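Take a look at the structure below.
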Amino acid sequence: MSRYLGIDFGEKRVGVAITDPTRTIAQPLKTISYTSLKKLVTEIKTLLNEKQVVKVIVGLPLSMKGSDSAQTRVVREFAERLRKSCAVPVELIDERLTTVQAHQVMHQMGKKPSRHREKVDQIAAQYILQTYIDREKIRGDR
């Protein structure tokens, strides 16, 4: 069995989620704080090997109208860097409203999102990844 890794990319932190070995359920894994993209890519590559990851799903922050923004271009560049550095496929998926959903989860847990930013990043990555695997099931890609 193998896993997928989900990434919610941010300028200072990256939320990471992972599927179970059957690729049915996504769960938060960790938040990576980084100072350089090179170090970030190295840490992600380590996770890929440790967790037996066969695909990486990166959230793409499109505008509410579905168009690219400055941050969208940054994420596309990051994803391309991952593709060149890793031996697994890297796919992009629309991540609109995942941070809003993560904030709602934190509120439901009785916690302030502003005090738990790292957990918010992980939950957003979990939503990105769960959306991807749910769509994959519907399309019958597995």
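Read the sequence shown against the working numbering and you will find it ends at 145, with the numbers running on by one and no gaps.
Just so you know, even glycine gets a beta-carbon here, dropped at the ideal spot from N, CA and C.
Please read all numbers here as calculations on a predicted model, not as lab measurements.
Query raised in the report: What is the DSSP secondary structure of Q133, counted as helix, strand or coil?
Result: helix
Requested in this report: Please name the residue, chosen from S5, L95, A90, that lies closest to A128 on a Cα-to-Cα basis.
Outcome: L95
Query raised in the report: With 16 as the cutoff for other CB atoms within 10 Å, does L49 come out buried or exposed?
Result: Looking at the sequence itself, residue 49 is Thr, so the reference to Leu does not match. The residue in question, T49, is exposed, as its Cβ has fewer than 16 Cβ neighbours within 10 Å.
Query raised in the report: When the Cα atoms are used, what is the spatial distance from T22 to E98?
Result: 17 Å
**Report entry** 8 Å Cβ shell around V78 - same chain, five flanking residues per side excluded
**Finding:** For V78, where only same-chain residues beyond five positions count, the Cβ hits under 8 Å are F12, V61, G62, L63, P64, L95.
**Report entry** Of the listed residues R120, D137, V17, K87, nearest to S39 (C-alpha basis)
**Finding:** V17
Requested in this report: Return the CA-CA distance between Y135 and V93, expressed in angstroms with no decimal places.
Outcome: 12 Å
Query raised in the report: So which of G143, V59, G69, M67 has the shortest CA-CA distance to F81?
Result: Out of G143, V59, G69, M67, V59 has the C-alpha closest to the C-alpha of F81.
Requested in this report: Could you tell me the distance, in whole angstroms, from the CA atom of S5 to the CA atom of T27?
Outcome: 11 Å
Query raised in the report: Could you give the distance in angstroms between the alpha-carbon of K68 and the alpha-carbon of L51?
Result: 33 Å
Query raised in the report: Alpha carbon to alpha carbon, what distance is there between K87 and E53?
Result: 19 Å
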